[in-house]
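Protein chains in written order, with the working numbering: chain A, 2 to 110; chain B, 89 to 202. Quick reminder that beta carbons are idealized off the backbone N, C-alpha and C, glycines included. First comes the structure, then the notes that go with it.
In structure tokens form, the structure reads like this:
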């Protein structure tokens with residue numbers, strides 16, 4: 002069964018303490034992997050799309066990477082404003098996108 | 089630029105009542121989607137519309153109906169609400185049909201069914 006899992010479920014970092022979030026997937030014929038950010042009480046907001054193993058994308062303190070089985074979202078020297086839930090998603094077929102449960106990130110000043 | 093607008097933002101229903109969630113986008117997007125989000129479950133697709141005039145079921149369609157009223161508007165109806173439908177509902181749109189391309193989400197409609 003196609004599945005997307007994320008770990009850890011929650012992560013608490015001190016400001017400036019770098020770390021990584023993981024997204025693992027079991028989908029045949031990967032057509033891309035998406036990362037979204039969701040702030041409390043808001044809808045998800047698009048961050049990145051990765052299409053092939055080895056691809057990397059960067060935006061400010063965030064860098065997303067992709068392998069054949071998983072993706073990592075690296076957060077370098079995070080700030081409190083990076084606190085949010087980070088969701089990864091994978092297209093399962095031509096018409097459906099599967100979302101993972103998310104990682105809730107808290108960055109403490 | 090409003091993007092995707094959902095109404096209402098909050099709603100409390102009693103079991104068996106009906107209601108319609110409204111969604112409108114002003115980005116001239118072709119595809120529109122309804123998701124529900126529950127703790128620990130991620131976002132799950134209820135229904136989608138690849139283009140004006142078409143709708144199709146997603147992962148969890150039971151208990152819901154949809155209408156693509158025109159290119160801008162996509163509504164979700166609960167005919168007889170059940171406590172299991174307590175959730176946060178998100179409408180999203182995308183420029184093109186298919187697996188790629190970013191989704192633009194509304195801010196959500198929080199529904200409680202007592």
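At least 8 Å separates the CB of residue 115 of chain B from every CB of chain A.
Residues of the same chain with a CB within less than 8 Å of the CB of residue 19 of chain A, apart from the 5 flanking positions on each side, are 75, 76, 77, 78 and 79 in chain order.
Rounded to whole angstroms, the separation of the alpha carbons of residue 191 of chain B and residue 8 of chain A is 23 Å.
Judged by pairs of C-beta atoms under 8 Å, the region 164-184 of chain B touches the region 115-123 of chain B, as three or more such pairs exist.
With fewer than 16 neighbouring CB atoms inside 10 Å of its own CB, residue 55 of chain A falls in the exposed class.
With the criterion set as a beta carbon lying under 9 Å from some beta carbon of chain A, the members of the region 92-109 of chain B are 92 and 94, in sequence order. The straight-line gap separating the alpha-carbon atoms of residue 37 of chain A and residue 199 of chain B is approximately 23 Å. For the region 6-94 of chain A, the continuous beta strand (DSSP E) assignments of 3+ residues that do not extend past its boundaries occur at 11-15, 20-27, 34-39, 46-51, 57-60, 63-67, 71-76 and 85-92, in sequence order. No Cβ of chain A is located within less than 8 Å of the beta carbon of residue 199 of chain B. Per DSSP, residue 104 of chain B lies in no beta strand (DSSP E) and is assigned neither H nor E. Note on the region 110-165 of chain B: there is no whole alpha helix (DSSP H) run with a minimum of 4 residues. The alpha-carbon of residue 131 of chain B is positioned some 11 Å away from that of residue 175 of chain B. Looking at the backbone, the Cα of residue 140 of chain B and that of residue 155 of chain B are separated by about 10 Å.
In this structure, DSSP gives residue 107 of chain A an extended state, which the three-state scheme calls strand. Residue 194 of chain B is a Cβ neighbour of residue 92 of chain B, given a cutoff of 8 Å.
Per the DSSP secondary-structure output, residue 90 of chain B pairs with nothing in a beta bridge. In summary, the residues of the region 183-194 of chain B whose CB is separated from some CB of chain A by less than 9 Å are 185, 186, 187, 188, 189, 190, 191, 192, 193 and 194, in the order they occur in the chain. CA-CA distance, residue 84 of chain A to residue 158 of chain B, rounds to 37 Å.
At the C-beta level, residue 86 of chain A and residue 105 of chain A come within 8 Å of one another. In the DSSP assignment, residue 200 of chain B falls within the unbroken beta strand (DSSP E) covering 197-201. Interface annotation, residue 133 of chain B: in contact with chain A, CB-CB separation under 8 Å.
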